[in-house]
Amino acid sequence: MLQRPSITAFFPACNDAGTIASMVVTVTKTLEQLTNDYEVIVVENGSTDYTVEVLEALAEKYDRLRVLTHREPLGYGGALRVGFANASKELVFYTDGDGQYDPRELLALLPALNDNIDIVNGWKIDRSDPLHRIIIGRTYHHLVRLLFGFTLRDVDCDFRLIRREVFDVIDLESDSGTICLELIKKLQDAGFRFAEVPVHHYHRTYGKSQFFNIPRLWRTAIQLLHLWRKLVLRREHMHHIAARRAKLLEKRAESQAMQQA
Ligand SMILES: Nc1nc2c(ncn2[C@@H]2O[C@H](COP(=O)(O)OP(=O)(O)O)[C@@H](O)[C@H]2O)c(=O)[nH]1
Ligand SMILES: [Mg+2]
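Each position in the sequence shown, counted from 1, maps to that position plus 36 in my numbering.
Below, the structure written as structure tokens:
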């Protein structure tokens, strides 16, 4: 396990007024147990409830909190990309702002991150969603596993700890929820190594899912096919990955040699 690493924690948030404050407070307390070099980021956009007011009040009290609000629609993928691009610490932890995961379980992710691991991915012990979502979720899981050749247990678990340097190797383009597939596929293809840790998943206590409506599901299906064509058939992302990964390994070897000297 890394000794007192520096950590960025971020949450995407859209209409999460009822949960975002407890997420920020809980993650701050958790990070304080792990390190004194941390920051918390909330990527907000499109909220029509009082999320923005809550975030403004929090930012006055928490000086490590950075609130990034965008006027233009980002989509879930766009919000994650903003989070990754603005993360400045060695490790990046993210989960959703809707309170369906418990940020304290970051304490379970960190010990799994050793020298041989680049990403610690959660897997949901028990999915707390309505039955029809669980059935559709399982079908989706098996379908994308087959289509993209995933080996992870739960690609769709938005509770992850990632070494920031992997973003020097892979670029992300998705605007929608398919970003998780893009992220895992590219990390897998770039040879990064995963550990998996069980995490709890809770029912929504506030607001409603941005994803789960028919037009959005339809759009997701189309985006999934596009992504498959790009990442599995064409594999264009592989062109730059090899060179960038070689550079990263060189950098790692150099810093290891420096530490030993
Ligand atoms: N900033 C931002 N956050 C989003 C967007 N879409 C979803 N989110 C946030 O991402 C999290 C997951 O979205 P949600 O609708 O709960 O997806 P579900 O949990 O799969 O039903 C929630 O905290 C949302 O507020 C978006 O377009 N922009
Ligand atoms: Mg959710």
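We put the beta carbon where it would ideally sit given N, CA and C, even for glycine.
Discussion item. To the nearest angstrom, how far is the alpha carbon of E96 from that of K65?
Written reply: 17 angstroms
Worksheet item: Given G111, which residues of its chain have a CB within under 6 angstroms of its CB, disregarding the five upstream and five downstream residues?
Response: D211, S212
Worksheet item: Within 7 angstroms: the Cβ of R252 and any heavy atom of ligand 2?
Response: no
Worksheet item: Assuming E80 contacts C50 under a Cβ cut-off of 8 angstroms, what Cβ separation, rounded to an integer in Å, is found between them?
Response: 7 angstroms
Discussion item. Quick check on the DSSP output: the alpha helix (DSSP H) that includes Y112 runs from which residue to which?
Written reply: 111–122
Fill in: Inter-residue CB distance, E218 and L267 (contact presumed, cutoff 8 angstroms)
7 angstroms
Practice prompt. From the DSSP output, in three-state form, read off E272 for me.
Written response: coil
Worksheet entry | Bounding residues of the alpha helix (DSSP H) (the contiguous stretch that carries L267) | Neither: L267 is in no alpha helix (DSSP H) and is coded neither H nor E.
Worksheet item: How would you call N249, buried or exposed, if buried means at least 16 neighbouring beta carbons within 10 angstroms?
Response: Counting every other CB atom within 10 Å of its CB across the protein chains shown gives N249 a total below 16, marking it as exposed.
Item to complete: Kindly indicate which three-state DSSP category F184 falls into: helix, strand or coil?
Response: helix
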